[in-house]
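**Q** Structure below; questions to follow.
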Amino acid sequence: MQYLIFGMLFIFGAIEQAQAQVDVSKLSVYKAAEHEYTNYEASSGVSKISGNTLFKEGREGNTFYHVDSQGITFKRQYPKSYFVEPTNTVVEYELSDDGKKLLSIEKTNEVAKIWQINTDFSLELLSEISFNKTPEELTFVDFDFQDGHYILYGQREDGTFVRTVFAWDQANNSFSQHSRLTFNNQNSSHNLAFHNYPEQGLMVAISPETLYLYQEGTREFELKQELAFEFTSHNRIATQLDTINNRLLVHYWSETIMLELDENNSVTAASSHPHQNLFGLNIRVGDIHPTAERLIAQDINCLYTLSLNDANTYTATELDCSPEVTNISDISDISADGDKLLMPGQGLSVADISNINDIKKITRPQEQGRIKSPGYHHVNLPLGEHSSLNYNGTLLTHSHLTPEHGQTFVSDSPLESPLTPECRYRCKAWLTLGKEVVALHNDQFTRYSVSSEEETLSTLRGNLTLSDSGSLGIWFKAIALNETEFMLTDGSSLSVFTKTQTGFVHKFTQNINIEFDYYGYTDVDFLYHNNQLHLFDRDNKQLVRYNYTGDELAYDIAIPFGPLDSGDIFDRNLATYMLNDRLIVETQRGYQYINAVKIFKIENNTLIEEASLPGTLIAQPYALSDTQMVLLADQGDNKVFVFDASVDEPLIEIGDYNGYEGSYLPKDQLLHFYGQGSVFIGEALEPLSDTLDITTLQGVEAEFDLNEIFNASLQGKLTFSAENLPPGLTLSEQGIMHFDGTELYDTTIAIDVMDSHQRTSTFSVLNSYVSGPQAIDSLLIEVTQNESHTVDLKTLVTDALAVAVNGVAGEMTLSESTLTITFAEPGAYQLPFSAVNVHGAIATHVLHFDVSEQIIDQGDDSDAEKNPDNGEQDNGNEDNHTGDSETKTDENTTSSTGNTSSTTNAAKSEGGSGGSMAWLLMAMVLLLPVRNRARQVR
Numbered sequence: 013m014q015y016l017i018f019g020m021l022f023i024f025g026a027i028e029q030a031q032a033q034v035d036v037s038k039l040s041v042y043k044a045a046e047h048e049y050t051n052y053e054a055s056s057g058v059s060k061i062s063g064n065t066l067f068k069e070g071r072e073g074n075t076f077y078h079v080d081s082q083g084i085t086f087k088r089q090y091p092k093s094y095f096v097e098p099t100n101t102v103v104e105y106e107l108s109d110d111g112k113k114l115l116s117i118e119k120t121n122e123v124a125k126i127w128q129i130n131t132d133f134s135l136e137l138l139s140e141i142s143f144n145k146t147p148e149e150l151t152f153v154d155f156d157f158q159d160g161h162y163i164l165y166g167q168r169e170d171g172t173f174v175r176t177v178f179a180w181d182q183a184n185n186s187f188s189q190h191s192r193l194t195f196n197n198q199n200s201s202h203n204l205a206f207h208n209y210p211e212q213g214l215m216v217a218i219s220p221e222t223l224y225l226y227q228e229g230t231r232e233f234e235l236k237q238e239l240a241f242e243f244t245s246h247n248r249i250a251t252q253l254d255t256i257n258n259r260l261l262v263h264y265w266s267e268t269i270m271l272e273l274d275e276n277n278s279v280t281a282a283s284s285h286p287h288q289n290l291f292g293l294n295i296r297v298g299d300i301h302p303t304a305e306r307l308i309a310q311d312i313n314c315l316y317t318l319s320l321n322d323a324n325t326y327t328a329t330e331l332d333c334s335p336e337v338t339n340i341s342d343i344s345d346i347s348a349d350g351d352k353l354l355m356p357g358q359g360l361s362v363a364d365i366s367n368i369n370d371i372k373k374i375t376r377p378q379e380q381g382r383i384k385s386p387g388y389h390h391v392n393l394p395l396g397e398h399s400s401l402n403y404n405g406t407l408l409t410h411s412h413l414t415p416e417h418g419q420t421f422v423s424d425s426p427l428e429s430p431l432t433p434e435c436r437y438r439c440k441a442w443l444t445l446g447k448e449v450v451a452l453h454n455d456q457f458t459r460y461s462v463s464s465e466e467e468t469l470s471t472l473r474g475n476l477t478l479s480d481s482g483s484l485g486i487w488f489k490a491i492a493l494n495e496t497e498f499m500l501t502d503g504s505s506l507s508v509f510t511k512t513q514t515g516f517v518h519k520f521t522q523n524i525n526i527e528f529d530y531y532g533y534t535d536v537d538f539l540y541h542n543n544q545l546h547l548f549d550r551d552n553k554q555l556v557r558y559n560y561t562g563d564e565l566a567y568d569i570a571i572p573f574g575p576l577d578s579g580d581i582f583d584r585n586l587a588t589y590m591l592n593d594r595l596i597v598e599t600q601r602g603y604q605y606i607n608a609v610k611i612f613k614i615e616n617n618t619l620i621e622e623a624s625l626p627g628t629l630i631a632q633p634y635a636l637s638d639t640q641m642v643l644l645a646d647q648g649d650n651k652v653f654v655f656d657a658s659v660d661e662p663l664i665e666i667g668d669y670n671g672y673e674g675s676y677l678p679k680d681q682l683l684h685f686y687g688q689g690s691v692f693i694g695e696a697l698e699p700l701s702d703t704l705d706i707t708t709l710q711g712v713e714a715e716f717d718l719n720e721i722f723n724a725s726l727q728g729k730l731t732f733s734a735e736n737l738p739p740g741l742t743l744s745e746q747g748i749m750h751f752d753g754t755e756l757y758d759t760t761i762a763i764d765v766m767d768s769h770q771r772t773s774t775f776s777v778l779n780s781y782v783s784g785p786q787a788i789d790s791l792l793i794e795v796t797q798n799e800s801h802t803v804d805l806k807t808l809v810t811d812a813l814a815v816a817v818n819g820v821a822g823e824m825t826l827s828e829s830t831l832t833i834t835f836a837e838p839g840a841y842q843l844p845f846s847a848v849n850v851h852g853a854i855a856t857h858v859l860h861f862d863v864s865e866q867i868i869d870q871g872d873d874s875d876a877e878k879n880p881d882n883g884e885q886d887n888g889n890e891d892n893h894t895g896d897s898e899t900k901t902d903e904n905t906t907s908s909t910g911n912t913s914s915t916t917n918a919a920k921s922e923g924g925s926g927g928s929m930a931w932l933l934m935a936m937v938l939l940l941p942v943r944n945r946a947r948q949v950r
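The letter at position 105 of the sequence shown is residue 117 when you use the numbering used here, and the numbering goes up by one with no holes.
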């Protein structure tokens, strides 16, 4: 599935960089830092309270708290592997009455473990017991876990039912069979729902038409009552035993059935009442909670006690109706002494009713005062040089990233994000721009930054406005384009904003067509990589590519899914990523939902599968080099693979990282798993080579990340410097070498590097410069109206490997480098075209056409459409006859270079290069020598 992140966006900045190849055989995986406690609070599971102990089960582990009048204090956490292996085994938990012991039951393994909870909340295993050694073959029917009783239902071949109950003897630290009783019922097992009250020796069985009340005997159940009722959904009926007044209450549609029991648990009377009449409240059976001394009820406004009155109905007495007590979740558990009501919700809430006349509410916001839960539903973004910012929907948390301690807590504060009527759940996003984190909400923005010491979190707030001073309106998606720019889209248009010292300014708006639903969900994934926006369109089964030029997102091409589109109804394409010019897709195939991670390269405008990794990804892929990426996979065990596109067997297992999962921040080769710890993948900090070769090409602006010549962890922050850089090249202290595309020459540059420990290193950058094809002669062609003219564009320039037209003029076709063109109207026309040589250097030229009027009527009845192109052409000060009308070209343009061919859809976009530009880029990728110029999206 697509991991839809409400209110958040994981952004790895799109910076073109040259990355040194890593020797995978020397890579290893180890835990560089691990938090003392791993947080599991955000995951759902059972919550228990007894004595002063609060236990909360999470998806990956369990948490213990101490509860008293002063508050709820976090004490200890344990991964699920501490209790059971493998960790996907279902486990049931129960606290002892005094809160000093814990029972864990492994359902699949049929093993019970009893743990001592020490005063420091460390756990000591007291006993481990295997159970359910049945003496006969039974067909499994149902099970239940209730108040420390594990209840199994089976059925013999003759139809007799067998109920086996295993009970926890808290005093003797044992878990053994409590009872094994048989009973007969003419209904089939799927038409019976069971409700158990083992302490009272009662069992209720409900069929669609009958309620059966059984009482335990010596070897079998005794049927005490059989009452006819017409239950609409027999398996969704709730029952509750009022132990104070010896009444069995059964939820029955809009009414409650009340069965009065005598001292032998036989039914002496049965009556049915509307809920309101029976309780005096608009509540149901599930809202009633018996304790040792009283019957507690809860509605949306108050807590009550219920007592039986002379009319044989209940009278509700208010306990507390104050918002701080009642504005909480439903009661999930009651302590054995009946003094504490546990109500977990967005945080933890306990109502102390030990003094019935003075009820206290004890609360703790979820995960306050510490590193927050890992997971895809939490914002976790890099900030500054060695910080991160996390938002879990309640608390905004600033943390540090260090190699010694991993991700460590600095500060947190509550952050409300109110819904606005016009936006509701839309118009929200978090993203990284450079060293800042930006929160967007409707037309408001908040920029978060840190001080030089990164101890203080600073904010800058303001509003987004369009350049015409118009209102922004509703938007659905925000995407960072680089360190200073981001885009917003509402589905019909996109707007790009750029960062200034005081906020953001609107740069441009253009049309786009993407379908979002009311809540802002879409079947399109937005994948920004290397100045290209890819739209993974599940509805139309295509990967649509746009090129970001700085002034527009120009449509490039739509690539069909091909091998991703099997057409099988069970097949799903889940999370998607774009990295190292590869498309990574999590897939789920067949009715058995077999998971695999597919890696595709894009060649000839076609998706070509390069590798398939069984399992699922539990974190985003991370680039090691231009051709290598780390894949953190769940295959039952969590394993680390490197995908290396340069070798025949590209998937290489390098280690495991069991216990770590969820969102992470990559800092060099150190991966900080939020709330859990840090994994280091790589070698020691040293240059991989004495020389880094780069190639600069005319007309191709590029950035090279010199950090990639190091396998560097956070054990050192690297500072780069160089003297006497040639014109056109600049180097930042962070190691980003920028080339502006202007004329240069071959040169060798000495680079000095220093880390935070004042260690130094030197290596050389060897730059090879390649100029692009140049024009041979005049680029003016004279033609006559309605007459076809053919020209080989490669003959117009020197050493051209491939050419591409960057627009549309007249009625034209392009076959390889041969252009055939006809003009319906006389005038002056211009057609920009680009030429690339074998090295990839690009020069752009303009072909001029002087079209004279046709003198002789040749009766051309061609019905081909000859509407002018609506794209803008670079014609200097001349008038262009194409105007703003639409030009339709052939739906498919076929081009080829050598043995490589491709078919692309012609584009209809302003100034777009259409399929021809896509053909040029394809030719560059296929025919250029292999060199490290792929850029990593981070």
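All C-beta atoms, glycine included, are put in the ideal place defined by N, C-alpha and C.
Does DSSP put residue 769 in a helix, a strand or coil?
**A** The pLDDT assigned to residue 769 is 45, lower than 50, so where the model puts this residue is not dependable; a value taken from the coordinates is nonetheless given after this. Note: residue 769 maps to coil in three-state DSSP.
**Q** What number of angstroms, rounded off, separates the C-alpha of residue 345 from the C-alpha of residue 260?
**A** Those two C-alpha atoms are separated by around 20 Å.
**Q** By the three-class DSSP mapping on this structure, what secondary structure does residue 561 have?
**A** Looking at residue 561 - three-state DSSP - the assignment turns out to be coil, as it is neither helix nor strand.
**Q** Pull up the DSSP beta-bridge partners for residue 286, would you.
**A** Partner(s): 267.
**Q** If we count the other Cβ atoms within 10 Å of its Cβ and call it buried at 16 or more, is residue 461 buried or exposed?
**A** It is buried - the Cβ of residue 461 has at least 16 other Cβ atoms within 10 Å.
**Q** Cβ atoms of residue 782 and residue 4: under 9 Å apart, would you say?
**A** Here the chain covers residues 13 to 950 and nothing more, so residue 4 does not appear.
**Q** With a CB to CB cut of under 6 Å and the five nearest residues on each side skipped, what residues in its chain are close to residue 185?
**A** For residue 185, where only same-chain residues beyond five positions count, the Cβ hits under 6 Å are 126, 138 and 139.
**Q** Is the stretch 516-531 touching the stretch 472-482, taking contact as three or more C-beta pairs under 8 Å?
**A** Yes, the stretch 516-531 touches the stretch 472-482.
**Q** Going by DSSP in three states, residue 3 sits in which element: helix, strand or coil?
**A** Because the chain is modelled from 13 through 950, residue 3 falls outside the range shown and cannot be assessed.
**Q** Evaluate residue 927 with the Cβ neighbour count: other Cβ atoms within 10 Å of its Cβ, from every protein chain shown; 16 or more gives buried, anything less gives exposed.
**A** With a pLDDT of 41 at residue 927, under the threshold of 50, the predicted position of this residue should be treated as unreliable, though the coordinate-derived value follows. Per the 10 Å Cβ criterion, buried.
**Q** Would you identify the three-state DSSP class for residue 297, choosing helix, strand or coil?
**A** Note: residue 297 maps to helix in three-state DSSP.
**Q** Following the continuous beta strand (DSSP E) through residue 573, name the residue where it begins and the one where it ends.
**A** It is not in any beta strand (DSSP E) - residue 573 carries neither H nor E in the DSSP assignment.
**Q** Should residue 439 be labelled buried (16 or more other beta-carbon atoms within 10 Å of its own) or exposed?
**A** Buried, because 16 or more other Cβ atoms sit within 10 Å of the Cβ of residue 439.
**Q** Are residue 286 and residue 252 closer than 9 Å when you measure CB to CB?
**A** Contact flag unset, no.
**Q** So what does DSSP say about residue 484, is it helix, strand or coil?
**A** Residue 484: coil per DSSP, three-state reduction.
**Q** What did DSSP end up calling residue 103 once you bin it into helix, strand or coil?
**A** Three-state result, residue 103: strand.
**Q** Kindly indicate which three-state DSSP category residue 666 falls into: helix, strand or coil?
**A** Strand at residue 666.
**Q** Could you check what DSSP says for residue 94 in three-state terms: helix, strand or coil?
**A** Note: residue 94 maps to helix in three-state DSSP.
**Q** DSSP on residue 719, reduced to helix/strand/coil?
**A** Looking at residue 719 - three-state DSSP - the assignment turns out to be helix.
**Q** Determine, using beta carbons only, whether residue 740 and residue 854 come nearer to each other than 9 Å.
**A** Cβ atoms of residue 740 and residue 854: not closer than 9 Å.
**Q** How would you write the range of the beta strand (DSSP E) that residue 953 sits in, first residue to last?
**A** Any question about residue 953 goes unanswered here, given that the chain covers just 13 to 950.
**Q** Going by DSSP, what residues sit across from residue 453 in a beta bridge?
**A** DSSP, once it has assigned bridges, lists 440 and 456 as partnering residue 453.
**Q** Quick one, which of 307, 747 and 293 has its alpha-carbon nearest residue 313's?
**A** Considering only alpha carbons, the answer is 293.
**Q** The beta strand (DSSP E) that contains residue 316, what's its start and end?
**A** It spans 315-320 - the beta strand (DSSP E) in which residue 316 sits, taken as one unbroken run.
**Q** The beta strand (DSSP E) that contains residue 839, what's its start and end?
**A** Taken as a continuous stretch (DSSP letters only), the beta strand (DSSP E) holding residue 839 covers 839-848.
**Q** Could you work out which residue in 212, 824 and 787 is closest to residue 806 when comparing CA atoms only?
**A** For residue 806, the nearest C-alpha among the options comes from 787.
**Q** Using 8 Å for Cβ pairs, my map puts residue 752 next to residue 713. What's the rounded Cβ distance?
**A** Confirmed, about 6 Å.
**Q** Considering only the beta carbon of each residue, do residue 281 and residue 262 sit closer than 9 Å?
**A** No.
**Q** Taking contact to mean 3 or more Cβ pairs, one atom from each stretch, closer than 8 Å, check whether the stretch 793-810 and the stretch 827-836 are in contact.
**A** Taking 8 Å as the limit for Cβ pairs, the verdict is that the stretch 827-836 does touch the stretch 793-810.
**Q** Can you give me the start and stop residues for the beta strand (DSSP E) that residue 528 sits inside?
**A** Looking at the DSSP string, residue 528 is not in any beta strand (DSSP E), and its letter there is neither H nor E.
**Q** When DSSP builds the beta bridges, which residues end up paired with residue 355?
**A** None, per the DSSP bridge assignment.
**Q** Would you tell me roughly how many angstroms separate the C-alpha atoms of residue 177 and residue 106, rounded to the nearest one?
**A** Straight-line Cα distance between these residues: approximately 16 Å.
**Q** Figure out for me which residue from 85, 452, 448 and 657 has the closest Cα to the Cα of residue 464.
**A** Out of 85, 452, 448 and 657, 448 has the C-alpha closest to the C-alpha of residue 464.
**Q** Report the residue from 742, 597, 569 and 540 whose alpha carbon sits nearest the alpha carbon of residue 550.
**A** Measuring from the Cα of residue 550, the nearest candidate turns out to be 597.
**Q** Going straight from the alpha carbon of residue 273 to that of residue 258, what length do you get?
**A** The straight-line gap from Cα to Cα measures roughly 6 Å.
**Q** Does the count of Cβ pairs from the stretch 88-96 and the stretch 393-411 closer than 8 Å reach three?
**A** Cβ pair count under 8 Å is below three, so no.
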